[in-house]
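Count along the sequence shown from 1, then add 450; that gives the number in the numbering used here.
Where a beta carbon is used, it is the ideal one built from N, C-alpha and C, also for glycine.
Everything numeric in this text was worked out from a predicted model, so none of it was measured.
Notes follow the structure.
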Amino acid sequence: MSITEHAHGHTLHERIVVRRREMQRTLASLRSVVRTATCVRARAIDESLKTLDVHLGGDWNGRDRDKSAALTHWLDRSRYLYDVTPPPLRAKR
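Structure (C-alpha coordinates):
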(Lines of atoms letter the chains of each structure in order from A and count residues from 1; the text may use other names and numbers.)
(Lines give C-alpha, C1' and ligand atoms only; values in the text may rest on other atoms or scores of the structure.)
Protein backbone atom coordinates (compact mmCIF):
# COMPACT_ATOMS: atom_id res chain seq x y z
CA MET A 1 0.00 0.00 0.00
CA SER A 2 1.41 3.39 -0.92
CA ILE A 3 1.71 6.30 1.47
CA THR A 4 -1.43 7.92 0.04
CA GLU A 5 -3.68 4.86 0.12
CA HIS A 6 -5.84 4.23 3.15
CA ALA A 7 -8.42 1.77 4.38
CA HIS A 8 -11.16 0.82 1.95
CA GLY A 9 -9.06 1.90 -1.04
CA HIS A 10 -9.61 5.64 -0.58
CA THR A 11 -6.61 7.78 -1.29
CA LEU A 12 -5.50 10.58 0.98
CA HIS A 13 -6.59 13.02 -1.71
CA GLU A 14 -10.13 11.57 -1.84
CA ARG A 15 -10.50 11.63 1.93
CA ILE A 16 -9.34 15.24 2.15
CA VAL A 17 -11.65 16.38 -0.66
CA VAL A 18 -14.65 14.81 1.10
CA ARG A 19 -13.66 16.20 4.52
CA ARG A 20 -13.08 19.69 3.11
CA ARG A 21 -16.51 19.64 1.42
CA GLU A 22 -18.24 18.54 4.64
CA MET A 23 -16.44 21.18 6.67
CA GLN A 24 -17.32 23.90 4.16
CA ARG A 25 -21.00 22.85 4.32
CA THR A 26 -20.97 22.89 8.10
CA LEU A 27 -19.28 26.28 8.19
CA ALA A 28 -21.81 27.70 5.72
CA SER A 29 -24.62 26.36 7.87
CA LEU A 30 -23.15 27.91 11.01
CA ARG A 31 -22.59 31.24 9.28
CA SER A 32 -26.18 31.32 8.00
CA VAL A 33 -27.44 31.86 11.56
CA VAL A 34 -26.43 35.08 13.31
CA ARG A 35 -26.14 33.35 16.69
CA THR A 36 -23.62 30.76 15.43
CA ALA A 37 -21.88 32.75 12.68
CA THR A 38 -18.79 33.43 14.78
CA CYS A 39 -19.12 30.73 17.43
CA VAL A 40 -16.10 28.77 18.63
CA ARG A 41 -16.90 25.87 16.31
CA ALA A 42 -17.20 28.13 13.25
CA ARG A 43 -13.84 29.73 14.05
CA ALA A 44 -12.25 26.29 14.58
CA ILE A 45 -13.52 25.07 11.21
CA ASP A 46 -12.30 28.22 9.49
CA GLU A 47 -8.84 27.86 11.04
CA SER A 48 -8.68 24.17 10.16
CA LEU A 49 -9.54 24.91 6.51
CA LYS A 50 -6.83 27.60 6.44
CA THR A 51 -4.36 25.07 7.86
CA LEU A 52 -5.30 22.64 5.12
CA ASP A 53 -4.63 25.29 2.48
CA VAL A 54 -1.16 25.84 3.93
CA HIS A 55 -0.43 22.09 3.89
CA LEU A 56 -1.62 21.73 0.32
CA GLY A 57 0.43 24.61 -0.95
CA GLY A 58 -1.92 25.07 -3.87
CA ASP A 59 -1.65 21.65 -5.51
CA TRP A 60 -1.43 17.90 -5.06
CA ASN A 61 1.76 17.46 -7.04
CA GLY A 62 5.06 16.64 -5.41
CA ARG A 63 3.71 15.31 -2.12
CA ASP A 64 6.35 13.77 0.03
CA ARG A 65 6.21 11.74 3.24
CA ASP A 66 6.21 14.83 5.48
CA LYS A 67 3.35 16.41 3.57
CA SER A 68 1.38 13.15 3.61
CA ALA A 69 1.95 12.85 7.35
CA ALA A 70 0.80 16.44 7.92
CA LEU A 71 -2.34 15.88 5.85
CA THR A 72 -3.13 12.63 7.65
CA HIS A 73 -2.69 14.46 10.95
CA TRP A 74 -5.05 17.19 9.70
CA LEU A 75 -7.66 14.55 8.86
CA ASP A 76 -7.38 13.13 12.36
CA ARG A 77 -7.60 16.53 14.10
CA SER A 78 -10.55 17.74 12.02
CA ARG A 79 -12.76 14.67 12.40
CA TYR A 80 -15.11 16.26 14.95
CA LEU A 81 -15.47 19.68 13.34
CA TYR A 82 -18.02 18.87 10.66
CA ASP A 83 -21.54 17.50 10.47
CA VAL A 84 -21.86 14.24 8.62
CA THR A 85 -24.34 14.44 5.79
CA PRO A 86 -26.99 11.79 6.40
CA PRO A 87 -27.33 9.16 3.71
CA PRO A 88 -30.22 9.70 1.31
CA LEU A 89 -33.45 8.02 2.24
CA ARG A 90 -34.42 5.11 0.06
CA ALA A 91 -37.79 5.29 -1.55
CA LYS A 92 -40.16 2.56 -0.40
CA ARG A 93 -41.35 0.29 -3.13
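query                                                                                                                : result
Length of the line joining the Cα atoms of residue 503 and residue 540                                               : 36 Å
Cα-Cα separation, residue 531 to residue 466                                                                         : 14 Å
Secondary structure, alpha helix (DSSP H): runs of 4+ residues fully inside the stretch 484-514                      : 490-506
Expected contact under 8 Å - CB spacing of residue 469 and residue 521 to nearest Å                                  : With a Cβ gap of about 10 Å, residue 469 and residue 521 do not count as contacting.
Own chain partners of residue 481 with C-beta closer than 6 Å, once the 5 adjacent residues on each side are dropped : 487
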